[in-house]
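Residue numbers (this note's numbering): 9 to 65.
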């Protein structure tokens, strides 16, 4: 898997979590924390930069 494929896959997972309305409605704080954690992991792995992380959060 190359860099672009890895980035696309991880962003797809982030969007899937973002679109999980049941999770968001049942536990909004956990939903928010999960999204922030996922974006932090993307930065740590070098798939996105801090500016992109700001957009995701």
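Ideal Cβ placement from N, Cα and C applies to all residues, glycine included.
For residue 25, the closest alpha carbon among the candidates 48, 60 and 40 is that of 40.
CA-to-CA, the gap between residue 35 and residue 23 works out to about 17 Å. Approximately 4 Å separates the beta-carbon atoms of residue 47 and residue 64; this is inside 8 Å, confirming the contact. The DSSP assignment places complete alpha helix (DSSP H) segments of no fewer than 4 residues inside the segment 36-61 at 36-52, in order along the chain.
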